[in-house]
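Novice: The sequence shown runs 311 to 1227 under the working numbering.
Where a beta carbon is used, it is the ideal one built from N, C-alpha and C, also for glycine.
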Amino acid sequence: MPEPSAEEAIRLQFLEEAQDYLQTIEAGILQLSHQPAVMDSVLRAAHSIKGGAAMMGFMSLSELAHRLEDFFKVLKARPCEDGEVQHLLLRAVDQLQVMITLNRQGVEPNEGWWRTQVEPLLNELQGRLGDPTAEDDLALLSGDDGQQMRVMLFETEVEACLQRLETVLQTPGQPCLKEELAIAAQELEGLGQMLELPQFAEFCASVSAYLQQPNCDVSQAAAHIIRQWRRCQALVITGQLEALPTRLETPETGDEEQTIIDLPPADLNQELGVEDFAGADIESFSFQDLLTSAPEAEPTPLAPQPQTPEPKEMTVRVPGHQLDQLSDLMGELLIECNGLDLQRERLHNLLAALKEKVRALERANFRLRTEYDRVSAPHHFNPQSQHGFDVLEFDRYTDVHLLSQEVMETIVQVQEITSDLELSLGDTERSGRDLNRTAKQLQACFTQVRMRPFADLANRYPRLIRELSREHGKKVNLVIEGSHILIDRTVLSVLADPLLHLVRNAFDHGIEPTEERQALGKPAVGTITLKAAYRGNQTVITVADDGRGLNPEKIRQTARRLGLARDWLETASDRDLWQLIFEPGFSTASQVTSLSGRGVGMDIVRTNLRQIRGNIQIHSTPGQGTEFTIAIPYTLSMIRALLVEAAGMLLAVPTEDIEEMVLADRYPPIETLGSTLIDWESYLVPLVDLTQIFHFQRPYCPVEMEGAPAINQPTLMIVSQGDSALALRVDRYWSEQEVTIRQVEGELALPKGFSGCTILGNGRIVPLLDPFALFDWLAQEPSRAPAAPPVTPSQDTVLVVDDSVNVRRFLANTLEKAGYRVEQAKDGQEAIDKLQGGLHVNALICDIEMPRLDGFGVLTQIRRIPQCQNTPVMMLTSRTGQKHRQLAERLGAAAYFSKPFRESDLLATLAQLIRHA
311 MPEPSAEEAI RLQFLEEAQD YLQTIEAGIL QLSHQPAVMD SVLRAAHSIK
361 GGAAMMGFMS LSELAHRLED FFKVLKARPC EDGEVQHLLL RAVDQLQVMI
411 TLNRQGVEPN EGWWRTQVEP LLNELQGRLG DPTAEDDLAL LSGDDGQQMR
461 VMLFETEVEA CLQRLETVLQ TPGQPCLKEE LAIAAQELEG LGQMLELPQF
511 AEFCASVSAY LQQPNCDVSQ AAAHIIRQWR RCQALVITGQ LEALPTRLET
561 PETGDEEQTI IDLPPADLNQ ELGVEDFAGA DIESFSFQDL LTSAPEAEPT
611 PLAPQPQTPE PKEMTVRVPG HQLDQLSDLM GELLIECNGL DLQRERLHNL
661 LAALKEKVRA LERANFRLRT EYDRVSAPHH FNPQSQHGFD VLEFDRYTDV
711 HLLSQEVMET IVQVQEITSD LELSLGDTER SGRDLNRTAK QLQACFTQVR
761 MRPFADLANR YPRLIRELSR EHGKKVNLVI EGSHILIDRT VLSVLADPLL
811 HLVRNAFDHG IEPTEERQAL GKPAVGTITL KAAYRGNQTV ITVADDGRGL
861 NPEKIRQTAR RLGLARDWLE TASDRDLWQL IFEPGFSTAS QVTSLSGRGV
911 GMDIVRTNLR QIRGNIQIHS TPGQGTEFTI AIPYTLSMIR ALLVEAAGML
961 LAVPTEDIEE MVLADRYPPI ETLGSTLIDW ESYLVPLVDL TQIFHFQRPY
1011 CPVEMEGAPA INQPTLMIVS QGDSALALRV DRYWSEQEVT IRQVEGELAL
1061 PKGFSGCTIL GNGRIVPLLD PFALFDWLAQ EPSRAPAAPP VTPSQDTVLV
1111 VDDSVNVRRF LANTLEKAGY RVEQAKDGQE AIDKLQGGLH VNALICDIEM
1161 PRLDGFGVLT QIRRIPQCQN TPVMMLTSRT GQKHRQLAER LGAAAYFSKP
1211 FRESDLLATL AQLIRHA
């Protein structure tokens, strides 16, 4: 698709702004009956659409906005509480919306559509309200309200116009400068006439006349014209209407004909907040300076001291895809910060290891020198030594002493370098902490940028409730609370349909007819409450009504009719029954209407909420009402997650879902009717063993990460969602991290139970687990949940334990050629650590004489590891004595080979041991 031209982009941007103005108009109309003061903002919005549409060439849109502006003027001067007028105005706003949609598509409404759809509305409104009269205009512009409206329009409309002109003036080449000035002069002249500012209107007319002169030099006069308009703007805002000029004074006319202002220049400069107002150029003078920089001054006798308006915060429109790109970059920054933390931790460990090695080298050198002195002293004893001294009176040095001294000096130098590295690493850590702090601040600020107030979504529903009330004859009042609560824009877009269905259902199923409510002693007007609030790291939205509530028996009857198991229905609790209304095709309505009866609305609610990791709870009391509570994450891009291991796979689980973590043996499993439960705080909670679910046709390989796991034992995670709870059994818990969420794109969809993935600092991709989606999938398709033990991998794993790296490499090559997968350990202690860490092997080949833990120690300790009770251990050693062989056999060695060995015999024995293990 080709990129739009600069002019077309400006036109489309205006249509986006017009959409916001429409929301202001619609909200004002709905509040017209009880808050007449909102008419000022409605008038301003209609006037903005009218003027902007005319300038952009959307003439039909400008005409309709102009007609509505006239009606709003009448309502401002003569308030009307006719409900039909309100309804007609809302229909006219709908036609404005249609026009904006057509203009966005590059289509101008035709005359037939205007004649059939728009004119009848306008004629009916004119018949009820009439046209604005001179008295209406006088009422609008008289007294304080008139001055407030002038100030308001000059702060917004005039300011926007002048800012646009200043942008054109500063653009290289100054495209269409003369045309822009002419359009602005006509627009401002009309504004002056509407606001009853004849001097300002006459001044704008003189600008138009000047621009029509054939010898007009716009490039020289444009800056002066804009300065004069800025001056007029300042005079109107400060209430000095008498000082407004009546004609344009160009630079060549001279100073003698300039309009005289009664204020002395010094007072004027002080009033307007600049040092030299007449000489202030456009770059150094802005309207915001005028509003915020004026110091306190004594009021002049010509005009009362005006109140300084509060400065308005500037807003910028940014395309949504650019925000998405920034969100991705923020995620990458978080990944890089986590990677930097990981690298710093590695450097710390390496530095600690280096310091330990240096100390060990220093001790070894000292022992070597001491031992050499002890051994060599008797051999070098010579009473007639050099210079006549004996060995006690004069030290002797050999080449070994010199070498030892050189090693000592090298050790000292390495220690100095180590100290420098430690200092540099400390500086790097401080810089890293600063970077992390800045990144978190940037993340928080960007999260705020992505937020939109809940009012953007909630303000759609008062109009809906009003139209439904008219159509169905119910009296319903919609109360919105928490309009200021900020919600992620992506979440808002997904919430639109769920909230729409919940509000419609509350109106249709919840609120009773007026006669029924009065018979029950309830107020004749029903109430639907839409509320947003924060709770922890979640946003909670509630939709509540004071209607009839959910009827469990009616839900049970509908379920029987749909064929659900009668035994379960008879014993199901009310909360279990309420969950049925979210099933596709489930509806308790007796007939299908435009509002309900098809059984799809509540299914859409649950489906959409799952897209944003949200959940919904129901609280209902028959005869009193129902409350739906939606809980959604505060942000969808970054979360805190627990990293756990199951079946050799690393998984991320959002912390917001986890209620408790305990060791697996604390709650023993309870087998009941084909399902496994645990008794958690007197509640029977389903247990899902992830190791039994995730089966892969590959050899088992435990997760390897930096550092040790936080819990190196089977662990239960209790996760909750609303009124439901679930226990997940995992092998190990590693750590908690703040991670960024990435969606998996491609033709192959993610398996059920996963909602995305994340990337760790070391580049590892980790799937993000959705526990309840996984449980629902297992419940719906039990045949896919494997109950059989895992398939034995086709490739057996052998652990080679030897302190000689060459022996380990030789054995590894031999075994890999034979089709085995090989793990290595440099001594017995490392082998035991790996096995206790979860490494699964089919056999061990172990040396006897090794540091830290020898082969006999391995034979003793390996039987204490549960998964290694039957693992065969072959001894491969240079010790051929019968004493060593017998001790190894008594400790449980399955075979005993001495070095050198025959390769074929060792491989045959190994295969036989693995086969019979």
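1. Could you pull out every residue in the same chain whose Cβ sits closer than 8 Å to the Cβ of residue 557, ignoring the five residues on either side in sequence?
2. Once DSSP output is grouped into helix, strand and coil, what is the label at residue 1031?
3. Roughly how many angstroms separate the alpha carbons of residue 1077 and residue 405, rounded to a whole number?
4. Going by alpha carbons, who is nearest to residue 1017 out of 1072, 975, 1048, 1024?
5. Residue 763 by DSSP, collapsed to three states: which one?
6. How would you label residue 999, buried or exposed, when you count the other beta carbons within 10 angstroms and need 16 or more for buried?
7. Is the stretch 1059-1071 touching the stretch 1024-1042 in the sense that three or more CB pairs, one from each, lie closer than 8 Å?
8. Among 736, 1214, 1169, 1213, which has the Cα closest to the Cα of residue 1196?
9. Give me the Cα-Cα distance between residue 361 and residue 467, rounded to the nearest whole angstrom.
10. What are the boundary residues of the alpha helix (DSSP H) that includes residue 816?
11. Can we say the stretch 812-828 touches the stretch 851-869, given the rule of at least three CB pairs closer than 8 Å?
12. Counting along the chain, where does the alpha helix (DSSP H) carrying residue 886 start and finish?
13. Looking at C-alpha atoms only, which residue of 469, 891, 337 is the closest neighbour of residue 862?
14. Given this structure, state the Cα-to-Cα distance separating residue 322 from residue 520, to the nearest angstrom.
15. Answer yes or no: do residue 943 and residue 926 have a C-beta to C-beta separation smaller than 9 Å?
16. Give me the Cα-Cα distance between residue 969 and residue 1064, rounded to the nearest whole angstrom.
17. Would you mind giving the Cβ-Cβ distance between residue 469 and residue 478, rounded to the nearest angstrom? I have them listed as a contact below 8 Å.
18. Out of curiosity, what's the CA-to-CA distance linking residue 1221 and residue 1115?
19. Out of 1110, 536, 373, 1061, state which residue places its alpha-carbon closest to the alpha-carbon of residue 1084.
20. Is there contact between the stretch 1159-1178 and the stretch 1132-1150, where contact requires at least three CB pairs shorter than 8 Å?
21. Taking only the alpha-carbon atoms, compute the straight-line gap between residue 608 and residue 412 and give it to the nearest angstrom.
22. Does residue 1135 pass the burial test, meaning 16 or more other C-beta atoms within 10 Å, or should it be called exposed?
23. Would you check if the distance between the CB atom of residue 1039 and the CB atom of residue 1019 is smaller than 9 Å?
24. Please report the distance separating the alpha-carbon of residue 330 from that of residue 1075.
25. For the beta strand (DSSP E) holding residue 1108, just list the boundary residues, first then last.
26. Cβ of residue 418 within 9 Å of Cβ of residue 369?
27. Which first and last residues belong to the beta strand (DSSP E) in which residue 1078 is found?
28. Which residues in the same chain as residue 652 place their Cβ atom closer than 7 Å to its Cβ, once the five residues preceding and following it in sequence are excluded?
29. By alpha-carbon positions, which one of 1122, 1181, 1125 ends up nearest to residue 1145?
30. Quick one: complete alpha helix (DSSP H) runs, 4+ long, within the stretch 1166-1202?
31. Do you know offhand how far residue 784's Cα is from residue 924's?
32. Taking DSSP's pairing of strands, which residues face residue 971 in a bridge?
33. Using the DSSP secondary-structure output, state which residues sit across from residue 648 in a beta bridge.
34. Would you tell me roughly how many angstroms separate the C-alpha atoms of residue 420 and residue 396, rounded to the nearest one?
35. Straight-line CA distance for residue 735 to residue 666?
36. Tell me the DSSP bridge mates of residue 423?
Specialist: The structure says:
1. If you number the sequence shown from 1, residue 557 lands on position 247. 512, 513, 516, 569, listed in sequence order.
2. Within the sequence shown, the letter at position 721 stands for residue 1031. Strand.
3. Residue 1077 sits at position 767 when you count from the first residue of the sequence shown. Residue 405 sits at position 95 when you count from the first residue of the sequence shown. In a straight line, the C-alpha of residue 1077 is about 48 Å away from that of residue 405.
4. Residue mapping note: residue 1017 aligns to position 707 of the sequence shown, counting from 1. Out of 1072, 975, 1048, 1024, 1072 has the C-alpha closest to the C-alpha of residue 1017.
5. Position 453 of the sequence shown holds residue 763. Looking at residue 763 - three-state DSSP - the assignment turns out to be strand.
6. Within the sequence shown, residue 999 is the residue found at index 689, counting from 1. It counts as buried.
7. No, because fewer than three Cβ pairs between the stretch 1024-1042 and the stretch 1059-1071 fall closer than 8 Å, the two stretches do not touch.
8. Sequence index remark: in the sequence shown, residue 1196 carries index 886 (1-based). Restricting attention to 736, 1214, 1169, 1213, the CA atom closest to the CA of residue 1196 is found in 1169.
9. Within the sequence shown, numbered from 1, the residue matching residue 361 stands at position 51. Within the sequence shown, numbered from 1, the residue matching residue 467 stands at position 157. So the alpha carbons of these two residues sit roughly 9 Å apart.
10. Translated into positions along the sequence shown, residue 816 becomes position 506. It is not in any alpha helix (DSSP H) - residue 816 carries neither H nor E in the DSSP assignment.
11. Under the Cβ criterion (8 Å, minimum of three pairs), the stretch 812-828 counts as touching the stretch 851-869.
12. Within the sequence shown, the letter at position 576 stands for residue 886. Its alpha helix (DSSP H) spans residues 884-888.
13. Looking up residue 862 in the sequence shown gives position 552. It is 891 whose Cα lies nearest to the Cα of residue 862.
14. What you label residue 322 is simply residue 12 of the sequence shown in a count that begins at 1. What you label residue 520 is simply residue 210 of the sequence shown in a count that begins at 1. For residue 322 and residue 520, the distance between alpha carbons rounds to 32 Å.
15. Numbered from 1 along the sequence shown, position 633 holds the residue referred to as residue 943. Numbered from 1 along the sequence shown, position 616 holds the residue referred to as residue 926. Taking 9 Å as the cut-off, the Cβ atoms of residue 943 and residue 926 do not count as close.
16. Locating residue 969 in the sequence shown gives position 659, where the first residue counts as 1. Locating residue 1064 in the sequence shown gives position 754, where the first residue counts as 1. In this structure, the straight-line span from the alpha carbon of residue 969 to that of residue 1064 is close to 20 Å.
17. If you number the sequence shown from 1, residue 469 lands on position 159. If you number the sequence shown from 1, residue 478 lands on position 168. The pair is not a contact, with the Cβ atoms about 15 Å apart (cut-off 8 Å).
18. For the purposes of this step, residue 1221 is taken as residue 911 along the sequence shown, with counting starting at 1. For the purposes of this step, residue 1115 is taken as residue 805 along the sequence shown, with counting starting at 1. Taking the CA atoms as reference points, residue 1221 sits about 24 Å from residue 1115.
19. Against the sequence shown, residue 1084 aligns to sequence position 774. Residue nearest to residue 1084 within the set 1110, 536, 373, 1061 is 1061 (criterion: CA-CA distance).
20. Enough Cβ pairs lie closer than 8 Å, so yes.
21. Residue numbering aside, residue 608 sits at position 298 when the sequence shown is read from its first letter. Residue numbering aside, residue 412 sits at position 102 when the sequence shown is read from its first letter. Since pLDDT at residue 608 reaches only 41, below the 50 mark, its modelled position is unreliable, and no value is offered.
22. Position 825 of the sequence shown, counted from the first residue, corresponds to residue 1135. Its Cβ being crowded by 16 or more others within 10 Å, residue 1135 is buried.
23. For the purposes of this step, residue 1039 is taken as residue 729 along the sequence shown, with counting starting at 1. For the purposes of this step, residue 1019 is taken as residue 709 along the sequence shown, with counting starting at 1. Cβ atoms of residue 1039 and residue 1019: not closer than 9 Å.
24. As a working mapping, residue 330 is identified with position 20 in the sequence shown. As a working mapping, residue 1075 is identified with position 765 in the sequence shown. In a straight line, the C-alpha of residue 330 is about 42 Å away from that of residue 1075.
25. For the purposes of this step, residue 1108 is identified with residue 798 of the sequence shown, where counting begins at 1. For residue 1108, the enclosing beta strand (DSSP E) starts and ends at 1107-1111.
26. Indexing the sequence shown from 1 puts residue 418 at position 108. Indexing the sequence shown from 1 puts residue 369 at position 59. Yes, these two residues count as a Cβ contact at 9 Å.
27. Numbered from 1 along the sequence shown, position 768 holds the residue referred to as residue 1078. Start and end: 1075-1079.
28. By 1-based counting over the sequence shown, the position of residue 652 is 342. If we look at residue 652 and ignore the five residues flanking it on each side, its Cβ neighbours are 1016, 1071, 1072.
29. Against the sequence shown, residue 1145 aligns to sequence position 835. Distances from the CA of residue 1145 to each of 1122, 1181, 1125 were compared; the closest alpha carbon is that of 1181.
30. For the stretch 1166-1202, whole alpha helix (DSSP H) runs of length 4 or above, ordered along the chain, are 1192-1200.
31. By 1-based counting over the sequence shown, the position of residue 784 is 474. By 1-based counting over the sequence shown, the position of residue 924 is 614. Looking at the backbone, the Cα of residue 784 and that of residue 924 are separated by about 32 Å.
32. Counting from 1 along the sequence shown, the entry for residue 971 is found at position 661. Residue 971 is bridged to 1027.
33. Residue numbering aside, residue 648 sits at position 338 when the sequence shown is read from its first letter. When beta bridges are read from the DSSP output, residue 648 appears opposite no residue.
34. Here the question's residue 420 lines up with position 110 in the sequence shown. Here the question's residue 396 lines up with position 86 in the sequence shown. Between residue 420 and residue 396, the C-alpha separation is close to 26 Å.
35. Numbered from its first residue, the sequence shown carries residue 735 at position 425. Numbered from its first residue, the sequence shown carries residue 666 at position 356. The alpha-carbon separation between residue 735 and residue 666 amounts to approximately 17 Å.
36. By one-based count along the sequence shown, residue 423 stands at place 113. Note: residue 423 sits in no beta bridge, so no partner.
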